[in-house]
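Working notes, structure below.
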Amino acid sequence: MQSDPTPGPPAHDIAMWGAPGSGKTTLLAALNIALMRRKDDWKIIGSDAASSDYLIERTSALSSGKIFPEASQSLEHYRWTLIGPAERQERRWLRRARPAPPLKIGISMFDAPGGLFSAGPLRPGNGPEIVDDLRRRMMDNLAKSRGLVFLFDPIREFELGDAFDHLHPPLTRLAEKMLETGELRDGMLPHHVAVCITKFDDPRVLETAEKLHLLDSAPDDEYGFPRVSSEDARDLFRALCEVSASGNADMVVNALDQFFHRTRVEFFVTSSIGFYVRPQTKTFDWNDYQNLLPEAGRDLRIRGQVHPINVVEPMLWLGRRLAAGGPR
Amino acid sequence: MSEPDKALLRKAVARAVAGLTATGRLTIVEVAADGMTVFRIHRDDNGRPRCHYWSLSWEELTSEQAVLRAADPLSADEVVLVCSFPDGAEANQALGWLSEARPAAVFPFTGPVTAVVEDVLASDPLSRSYDLVVMRADPATGRLRLGSKQLFPIGALPGTRSEVAVRCEPGDEYGTAFAVVTWQGREPRLLSVHSAGLTPGRYLLTAELVRPGKVRFTGVPELTRDPRGWADLVAAAPSQLPPRAAPAHLICAVEVCGPDAKVEERLSRVRQVVSFLSAELSGLLRVSLVAYGAHSYDDRSTGEHPVEVAAWQVAPERALAALELLEERGAITEGYPYYPHAAQVEDMLDAVTRRLAASEHVRTVLLTVGDRPPHPARTNRSLILPCPHPHDWRLLVGRVQSRPDTVLAAICDRRDASAHPAWRRLGADALAHLDALDIRGLAADLGLAAPAALPIPFPLLDETE
Chain G
20 MQSDPTPGPP
30 AHDIAMWGAP
40 GSGKTTLLAA
50 LNIALMRRKD
60 DWKIIGSDAA
70 SSDYLIERTS
80 ALSSGKIFPE
90 ASQSLEHYRW
100 TLIGPAERQE
110 RRWLRRARPA
120 PPLKIGISMF
130 DAPGGLFSAG
140 PLRPGNGPEI
150 VDDLRRRMMD
160 NLAKSRGLVF
170 LFDPIREFEL
180 GDAFDHLHPP
190 LTRLAEKMLE
200 TGELRDGMLP
210 HHVAVCITKF
220 DDPRVLETAE
230 KLHLLDSAPD
240 DEYGFPRVSS
250 EDARDLFRAL
260 CEVSASGNAD
270 MVVNALDQFF
280 HRTRVEFFVT
290 SSIGFYVRPQ
300 TKTFDWNDYQ
310 NLLPEAGRDL
320 RIRGQVHPIN
330 VVEPMLWLGR
340 RLAAGGPR
Chain L
7 MSEPDKALLR
17 KAVARAVAGL
27 TATGRLTIVE
37 VAADGMTVFR
47 IHRDDNGRPR
57 CHYWSLSWEE
67 LTSEQAVLRA
77 ADPLSADEVV
87 LVCSFPDGAE
97 ANQALGWLSE
107 ARPAAVFPFT
117 GPVTAVVEDV
127 LASDPLSRSY
137 DLVVMRADPA
147 TGRLRLGSKQ
157 LFPIGALPGT
167 RSEVAVRCEP
177 GDEYGTAFAV
187 VTWQGREPRL
197 LSVHSAGLTP
207 GRYLLTAELV
217 RPGKVRFTGV
227 PELTRDPRGW
237 ADLVAAAPSQ
247 LPPRAAPAHL
257 ICAVEVCGPD
267 AKVEERLSRV
277 RQVVSFLSAE
287 LSGLLRVSLV
297 AYGAHSYDDR
307 STGEHPVEVA
317 AWQVAPERAL
327 AALELLEERG
337 AITEGYPYYP
347 HAAQVEDMLD
357 AVTRRLAASE
367 HVRTVLLTVG
377 DRPPHPARTN
387 RSLILPCPHP
397 HDWRLLVGRV
407 QSRPDTVLAA
417 ICDRRDASAH
427 PAWRRLGADA
437 LAHLDALDIR
447 GLAADLGLAA
457 PAALPIPFPL
467 LDETE
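So the sequences go chain by chain: G and L. Under the working numbering, read the first sequence as residues 20 to 347, first letter to last. Under the working numbering, read the second sequence as residues 7 to 471, first letter to last.
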């Protein structure tokens with residue numbers, strides 16, 4: 020891992036949140052693996068030692084140890100730079116074409132323990148003043164950032180149904196804070212939001228998408244993995260909300276529509292570990308694609324290679340959107 | 007008494023009795039020196055002629071009205087008048103009143119009319135056939151059906167004999183019941199029931215028609231009158247014949263992964279079942295023993311332990327010896343770490359169906375003993391990883407079930423409610439719980455052993471013999 024070759028702070032910040040156990044930490048680790056599997060020269064570079072260490076540890080746990088990275092226990096602030104391939108400029112007259120500088124998207128990501136946003140105490144033993152301090156810092160970070168990644172875990176929603184509980188309070192507080200500072204635009208928050216529907220590898224999610232005829236596959240995907248395009252992801256999101264344990268998942272969509280411009284919200288169907296692929300065939304197999312391996316007790320391991328699905332795309336989408344809008 | 011008069015009277019009474027319908031009435035009036043005797047004859051529910059008679063003295067019959075009230079000739083379908091004292095004034099007067107009210111032939115006869123009537127009734131040919139109640143067994147299924155075997159046809163006369171070969175099994179508290187019925191349309195009418203506790207075996211039963219309504223059986227120990235009615239007898243009839251000992255093939259498939267104590271208990275249950283059936287079906291039992299564990303999907307594993315056919319269609323003693331080796335080994339450790347939520351049930355089924363295809367067709371029982379469900383053939387919402395081979399346990403269970411005379415039994419660690427639904431398929435014909443196993447009941451459910459007591463209270467008729 021190299022350090023950021025570009026001095027100075029990143030141009031844009033992206034904040035990530037979701038219910039506890041929704042897979043934020045795993046998504047971060049999967050992001051690095053996914054970038055390394057891409058053949059288009061995108062890479063992620065840590066901007067400081069802590070961010071690099073974090074990335075190395077989580078990536079190693081996921082790819083070699085085949086275990087899920089430990090969930091965040093405290094508010095952590097990491098900075099990376101996504102560096103894309105150099106862009107060629109057009110040749111003019113007799114001048115040689117010179118490669119343009121590589122596209123750089125600064126990403127500053129806050130990985131916070133999921134419980135931080137809930138109304139209740141963060142963790143037994145933490146006093147209210149600690150929780151208040153954590154919330155205040157997170158609110159400041161959310162207010163500074165213009166890109167948000169919201170993780171929606173459909174399995175958790177099916178079993179517990181608490182996505183709305185983890186989305187609405189911080190949104191309301193963020194809106195309150197930005198109203199104070201006059202940063203609301205047309206009564207809406209100015210952020211771009213990437214909604215990541217996680218655990219696409221779970222048979223219950225994949226089968227739902229299949230039943231809705233939302234699956235296709237990328238022609239250049241050597242494994243032939245099924246995927247759901249961003250255009251269809253919202254439909255899958257709505258279908259998954261219908262089986263919410265609390266019945267409140269529809270309010271997640273409504274809350275997003277209330278606080279953000281519709282054009283600034285994009286849905287992504289993602290999987291941090293991806294589908295299982297037999298080493299012999301190296302092709303997606305509808306008969307055997309589950310990549311989770313239960314162990315004695317309640318622990319889970321990763322069965323085969325990690326093939327993250329759609330974990331880079333939300334970041335690139337956010338980065339490009341933010342870059343197109345100019346610096347903050 | 008003149009013989010021609012007696013013969014004429016007997017013939018007339020016999021003809022009148024023979025002509026009695028099910029609801030008909032015959033009245034015979036004898037006028038004598040001291041009074042008048044009225045015989046009223048009808049057929050009962052079994053078609054047997056029954057007679058009631060009464061006598062009145064001339065002191066009681068002083069008027070025409072009294073005579074007609076006593077004889078009631080108008081209510082009868084046929085009337086026979088007998089005069090045994092033609093010189094008596096009262097007798098002639100009474101005959102005159104009766105003939106006037108209901109013209110009928112008058113037969114002179116000086117002997118006892120009672121004897122003539124009794125003789126006629128005792129030798130009356132049967133107006134309905136008499137059948138013995140028997141049970142018939144379906145040789146294929148052992149299902150029992152209550153039925154009858156004709157002993158005497160319509161028109162049979164007293165003294166007629168009939169022979170029936172029957173088999174008697176242990177009976178109920180009354181022993182074996184020899185019930186005779188007649189038929190009113192499709193409804194049987196019980197005529198008589200006599201029972202005795204008989205030694206099980208075959209008997210050549212001889213039935214003799216003593217008189218209408220009375221059948222005597224010989225060829226069996228002495229029978230005593232049985233107080234039960236038809237409904238009680240029908241209720242006592244079982245629906246299934248106890249299974250006869252026949253060659254059988256018991257396949258014990260045991261899950262040998264999981265806690266040591268559970269594996270030990272499962273193997274112990276298998277030992278009990280094999281030992282019990284070995285004694286029950288002496289010399290007729292063949293046993294197979296298949297051990298299966300868990301799949302291993304973990305790349306840290308050195309390779310899983312495959313399904314192991316420890317014995318195939320061998321004598322119980324050899325199977326028990328193979329079982330001993332499994333008991334000594336205990337839970338398998340090869341292939342750790344294992345998949346924790348399912349076992350190689352589908353691989354075991356595949357191994358069994360392959361071997362069964364080449365096995366002789368005798369009654370076969372696949373007894374699966376374990377806890378975990380099978381792996382599905384493909385990824386599904388159960389989240390259990392699919393079988394690596396990939397065997398479809400539903401398909402394989404169906405293949406076993408469709409094999410003739412093959413049944414599925416299971417002994418599951420868990421009780422019904424908490425057991426995986428697959429165990430209901432694996433134990434489709436008998437599902438027992440590991441901690442509360444009634445081996446005799448299980449064997450009986452599978453048609454491998456007779457239940458503790460299943461009385462057959464009627465003689466069995468085997469028409470194939």
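For glycine and all other residues, C-beta sits at the position ideal for the given N, C-alpha and C.
Residue i - DSSP class collapsed to helix/strand/coil
i	result
residue 156 of chain L	strand
residue 196 of chain G	helix
residue 75 of chain G	helix
residue 471 of chain L	With a pLDDT of 47 at residue 471 of chain L, under the threshold of 50, the modelled position of that residue is not reliable, and no figure is offered here.
residue 227 of chain G	helix
residue 244 of chain L	coil
residue 102 of chain L	helix
residue 330 of chain G	coil
residue 82 of chain G	helix
residue 134 of chain L	coil
residue 335 of chain G	helix
residue 64 of chain L	helix
residue 305 of chain G	coil
residue 420 of chain L	coil
residue 272 of chain G	helix
residue 116 of chain L	coil
residue 352 of chain G	This structure gives no information on residue 352 of chain G, because the portion of chain G shown stretches from 20 to 347.
Contact with chain G by residue i, beta-carbon distance below 8 angstroms
i	result
residue 342 of chain L	no
residue 402 of chain L	no
residue 420 of chain L	no
residue 303 of chain L	yes
residue 385 of chain L	yes
residue 347 of chain L	yes
residue 427 of chain L	no
residue 295 of chain L	no
residue 396 of chain L	yes
residue 392 of chain L	yes
residue 389 of chain L	yes
Proximity test, Cβ basis, 8 angstroms: residue i and chain L
i	result
residue 307 of chain G	yes
residue 56 of chain G	no
residue 175 of chain G	no
residue 322 of chain G	yes
residue 223 of chain G	yes
residue 245 of chain G	no
Residue j beta carbon less than 8 angstroms from that of residue i
i	j	result
residue 86 of chain L	residue 34 of chain L	yes
residue 303 of chain L	residue 322 of chain G	yes
residue 415 of chain L	residue 371 of chain L	yes
residue 428 of chain L	residue 394 of chain L	no
residue 215 of chain G	residue 333 of chain G	yes
residue 188 of chain G	residue 224 of chain G	no
residue 102 of chain G	residue 337 of chain G	no
residue 310 of chain G	residue 396 of chain L	no
Neighbourhood of residue i by C-beta, 7 angstroms cutoff - its chain only, sequence neighbours within 5 removed
i	result
residue 143 of chain G	For residue 143 of chain G, the pLDDT reaches just 46, beneath the cut-off of 50, and the residue's location in the model is therefore unreliable, although a value from the coordinates is still provided. Nothing listed; no residue qualifies.
residue 233 of chain G	247, 251, 254 and 255
residue 110 of chain L	85, 86 and 87
Residues near residue i by beta carbon distance below 6 angstroms, same chain, minus five either side
i	result
residue 321 of chain L	none
residue 175 of chain L	206 and 462
residue 373 of chain L	258 and 415
Proximal residues to residue i (C-beta, below 8 angstroms), its chain only, five neighbours per side dropped
i	result
residue 229 of chain G	245
residue 455 of chain L	249, 282, 283, 286, 287, 446 and 449
residue 51 of chain G	63, 74, 77 and 78
residue 178 of chain L	242, 461 and 463
### Query
Enumerated in chain order, which unbroken segments of the beta strand (DSSP E) with a length of 3 residues or greater are wholly contained in the region 328-414 of chain L?
369-376
### Query
At which residue ranges does the region 250-310 of chain L contain complete beta strand (DSSP E) runs of 3 or more residues, listed in the order of the chain?
254-261 and 291-298
### Task
Please specify which runs of the beta strand (DSSP E), each continuous and at least 3 residues long, are wholly inside the region 423-451 of chain L, giving them in chain order.
436-439
### Task
Could you pull out every unbroken beta strand (DSSP E) segment of at least 3 residues lying fully inside the region 132-218 of chain L, listed in chain order?
136-143, 150-158, 167-174, 182-190, 193-202 and 207-217
### Task
Can you check the region 236-264 of chain G for any alpha helix (DSSP H) of at least 4 residues that lies completely inside it and give the ranges in chain order?
249-260
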